[in-house]
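In our numbering, the protein residues as written are 144 to 370.
Idealized CB from N, CA, C, for every residue including glycine.
Working notes for the structure below.
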């Protein structure tokens, strides 16, 4: 206040205008900084939410089952050979009998696990990336892949990110494995295939109708121009 001049109304007016300009500049800088910080916070929140959503989906795929086959069967259809009675037999991976059948469900589980491992390698922590890379290498080499350790790491990270209390050590959680796909997915696929077959049949019928129509025009032309 020492440099302010109120000796005349002109000096007082110029002083007030200067104070107003300085105040507006300060408020503008503060608003700009606050807006920048808010945009950065919103961007970080979106990234965290997308990361959590992806890792939660991967957790459900890798650890959605407590019973049955808890190891991933890495074999593809080409890895199976047909037996004389029409059944398929795979290489000896020491898997349960239901996995040795080489069913379509085991192949769908493998595909879902591969996609989940790819997401974890992209968005997981250092420990999760290491475990996912190890599991991917095991699958690439044709060995059965357990997912229990990776599931535990995902579960602890997700609970910590959501500010949830750690699971008490007194709670015994059984070993987890990949989720088994429901039969509805295969039913929908079969229905789509049947629908495609019907559409092809309808197209053939329309083609036949067109041929018949063409035959009618030929008959009229012949009647109009007898030989």
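Going by DSSP, what residue range makes up the alpha helix (DSSP H) through residue i?
i, result
"residue 157", "152-205"
"residue 271", "269-283"
"residue 262", "247-266"
Would you kindly work out how many angstroms separate the C-alpha atoms of residue i and residue j, rounded to a whole number?
i, j, result
"residue 183", "residue 290", "36 Å"
"residue 233", "residue 217", "With a pLDDT of 45 at residue 233, under the threshold of 50, the modelled position of this residue cannot be trusted; read the value that follows with caution. Roughly 11 Å between the two C-alpha positions."
"residue 279", "residue 257", "7 Å"
"residue 247", "residue 322", "14 Å"
"residue 201", "residue 162", "58 Å"
"residue 157", "residue 151", "10 Å"
"residue 181", "residue 275", "34 Å"
"residue 165", "residue 159", "10 Å"
"residue 154", "residue 173", "29 Å"
"residue 197", "residue 269", "16 Å"
"residue 204", "residue 254", "10 Å"
"residue 175", "residue 272", "38 Å"
"residue 302", "residue 314", "15 Å"
"residue 250", "residue 177", "52 Å"
"residue 260", "residue 179", "35 Å"
"residue 252", "residue 185", "36 Å"
"residue 206", "residue 277", "17 Å"
"residue 305", "residue 209", "24 Å"
"residue 312", "residue 187", "32 Å"
"residue 308", "residue 296", "15 Å"
"residue 211", "residue 316", "15 Å"
"residue 324", "residue 215", "13 Å"
"residue 344", "residue 262", "Since pLDDT at residue 344 reaches only 48, below the 50 mark, its modelled position is unreliable, and the value read off the structure follows with that caveat. Taking the straight line from one Cα to the other gives about 41 Å."
"residue 264", "residue 300", "15 Å"
"residue 107", "residue 298", "There is simply no residue 107 to check, as the chain begins at 144 and stops at 370 in what is shown."
"residue 192", "residue 199", "10 Å"
"residue 292", "residue 213", "12 Å"
For the putative contact between residue i and residue j, defined by C-beta atoms under 8 Å, what is the C-beta separation to the nearest angstrom?
i, j, result
"residue 266", "residue 189", "Not confirmed; about 13 Å, so no contact."
"residue 294", "residue 319", "5 Å"
List the DSSP bridge partners of residue i.
i, result
"residue 214", "289"
"residue 208", "320"
With a threshold of 8 Å, establish whether the CB of residue i neighbours any heavy atom of the ligand MG.
i, result
"residue 284", "In the structure shown, the ligand MG is absent, as is every other ligand, since no ligand is present at all."
Spell out whether any CB of chain C is found under 9 Å from the CB atom of residue i.
i, result
"residue 161", "Of the chains in the structure shown, none is chain C; there is only one protein chain."
Would you say the stretch 167-180 touches the stretch 279-294, given that touching needs at least three Cβ pairs under 8 Å? The stretch 167-180 is not in contact with the stretch 279-294.
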